[in-house]
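Novice: Have a look at the structure that comes next, please.
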Amino acid sequence: MNNILVIGSLNTDLETSVDHFPETGETLIGGPLQIHCGGKGNNQAIAAAKLGASVTILGAIGNDHFGQLLIKNLKKYHVNITPIKTCKQSPTATALIMHTNTDNTIIVTEGANESLSAQDILNAESLIKSHDIILLQQEIPLETQIEAIEIAYRLKKIIVVNPAPSRQLPADIIPKISYLLPNEHEIKAFRHNGSETYEDIILHSSTPIIMTWGRSGILFKNKEKQIQHIPAYTVPTVDTTGAGDTFCGAFCCFLHLGYEKAIEKALQASALSVTRTGAQNGMPTLKELTAFQFH
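Using UniProt numbering, the letters of the sequence shown correspond one by one to residues 1 to 295.
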């Protein structure tokens, strides 16, 4: 399998439930506080590691309890945490999640993720050189992403970018990316004009785009340069949290099998991930993925 370096975010999710969202000035009693390890970088690293890939993560945490929780969790899944930077000036990033039965609100504090700098990437050039695939998301500073792409491109590495949350990448950077993995909302950032369809964007992109589309499956340009739609697998859905991150990690994990086979396996892994509660808990192992009968 591929040797993957994830350069991305490390967050702690603090979650509670309420009957309704509070009005201005209102105080509510919430349900039990749940603490989860999250962040797109963290989730995607663990998704790939659970499927058997050799994974290293480069990110930043605060010098605090939440940071140590993240380290402990990554070690549990055998992710190499050696390059993680501990920031004394900023706390570990958090996501404050409040949800009702039907909706949620999320406030993200960027914390130590914002301290991962372009200089940190320059200092990590030998680390980038020693890996086959570089996987990025957009929860770290834009200049940090750009530096990572520039170095990885110069070193002829496979560069996979999940453009979430969407931040506009410079036009000259996009052709240096090997694969873009947006969802149906994030893909709009790659329009040349406001009227292009998903298919138009994918066909005309200089970089291969694999668009995840929730229950509708995925869209991509196949080897014959034609748009191909693969519907999502029919599975009992329990919790869709982390399905996109599972797809990204699995895609990188299986790229050694070829582009289209990696897409197929990633779609299967993301389908299996929604059959259990919790983003990381739902992510399948290679044994579970192999054993599951997809229809």
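Each residue gets a CB set at the ideal place from its N, CA and C atoms; glycine is no exception.
#1: Are D245 and A47 closer than 8 Å when you measure CB to CB?
#2: Using only alpha-carbon positions, find the residue among P284, I149 and I230 that is nearest to V161.
#3: Taking the CB atoms as reference points, tell me whether T109 and L70 lie closer together than 8 Å.
#4: Buried or exposed: which applies to S270, given that a residue is buried once 16 or more other Cβ atoms fall within 10 Å of its Cβ?
#5: For F294, name the three-state secondary structure that DSSP assigns.
#6: I'd like the span of the beta strand (DSSP E) that includes L219, first residue to last.
#7: Which term fits N183, buried or exposed, when burial requires 16 or more other beta carbons within 10 angstroms of its beta carbon?
#8: Tell me which residues share the same chain as C248 and place their Cβ nearer than 6 Å to its Cβ, disregarding the 5 neighbours each side in the sequence.
#9: Can you give the Cα-Cα distance for residue 296 and G41, rounded to whole angstroms?
#10: Roughly how many whole angstroms lie between the Cα atoms of A164 and Q137?
#11: Here's the rule: buried if 16 or more other CB atoms are within 10 angstroms of the residue's CB, otherwise exposed. What is E224?
#12: Which full runs of the alpha helix (DSSP H) of 4+ residues lie inside the region 65-147, going along the chain?
#13: Answer with buried or exposed for E26, where buried requires no fewer than 16 other C-beta atoms within 10 angstroms of its C-beta.
#14: Mind reading off the beta-carbon distance from C87 to I61? Whole number of angstroms is fine, and I expect it under 8 Å.
#15: Figure out for me which residue from S130, G258 and Q168 has the closest Cα to the Cα of K156.
#16: Look at V6 and L169 and say whether their C-beta atoms are less than 8 Å apart.
#17: Below 8 Å on the Cβ atoms is my contact criterion, and I expect A266 with T241 to pass it. Report the Cβ-Cβ distance as a whole number of Å.
#18: Locate the alpha helix (DSSP H) running through I46, then write down its first and last residues.
#19: Over what stretch of residues does the beta strand (DSSP E) that includes N3 continue unbroken?
#20: Are the region 88-103 and the region 202-219 touching, with three or more C-beta to C-beta distances below 8 Å?
#21: Between the beta-carbon of D120 and the beta-carbon of K85, is there less than 8 Å?
#22: Here's the rule: buried if 16 or more other CB atoms are within 10 angstroms of the residue's CB, otherwise exposed. What is I128?
#23: What did DSSP end up calling T24 once you bin it into helix, strand or coil?
#24: Look at the alpha carbon of V55 and the alpha carbon of V79, and state the distance between them as a whole number of angstroms.
#25: For Y77, collect the residues of the same chain with a Cβ closer than 7 Å to its Cβ; drop the 5 residues on either side in sequence, then sort them by chain order.
#26: Can you tell which of N123, K261 and L58 has its C-alpha closest to the C-alpha of A112?
Specialist: Looking at the coordinates:
#1: In contact: D245 and A47 (Cβ atoms closer than 8 Å).
#2: The shortest C-alpha separation from V161 is found at I149.
#3: Taking 8 Å as the cut-off, the beta carbon of T109 is found no closer than this to the beta carbon of L70.
#4: Residue environment: S270 is assigned as buried (16 or more neighbouring CB atoms within 10 Å of its CB, all protein chains considered).
#5: In the structure shown, F294 sits in coil (DSSP, three-state: anything other than H, G, I, E or B).
#6: Membership of L219 in the beta strand (DSSP E) is indicated by the continuous run I218 to K221.
#7: By the 10 Å Cβ count, N183 comes out buried.
#8: Taken in chain order, the residues that qualify are Q44, N162 and L181.
#9: Residue 296 cannot be examined here, being either before or after the span of the chain that is shown, 1 to 295.
#10: Between A164 and Q137, the alpha-carbon positions lie close to 6 Å from each other.
#11: E224 is exposed by the Cβ-count criterion.
#12: As for any alpha helix (DSSP H) of minimum length 4 sitting wholly inside the region 65-147, the runs are 65-76, 118-123 and 125-129, ordered along the chain.
#13: Burial state of E26 is exposed, judged by a 10 Å Cβ sphere holding fewer than 16 other Cβ atoms.
#14: The C-beta distance from C87 to I61 rounds to 7 Å, short enough to meet the 8 Å contact threshold.
#15: Selected option, being the one with the closest Cα: S130.
#16: No, the pair does not count as a contact, with Cβ atoms beyond the cut-off.
#17: So it is not a contact: roughly 17 Å between Cβ atoms.
#18: For I46, the enclosing alpha helix (DSSP H) stretches over residues K40 to K50.
#19: Unbroken beta strand (DSSP E) run through N3: N3 to I7.
#20: As far as the Cβ criterion goes, the region 88-103 does not touch the region 202-219, which means the pair count is below three.
#21: Between D120 and K85, the C-beta gap is smaller than 8 Å, which places the two residues in contact.
#22: It counts as buried.
#23: The answer is coil: DSSP assigns T24 none of H, G, I, E or B.
#24: Counting only the Cα atoms, V79 lies some 5 Å from V55.
#25: Once the five neighbours on either side are set aside, the close Cβ partners of Y77 are I46, A49 and K50.
#26: The shortest C-alpha separation from A112 is found at L58.
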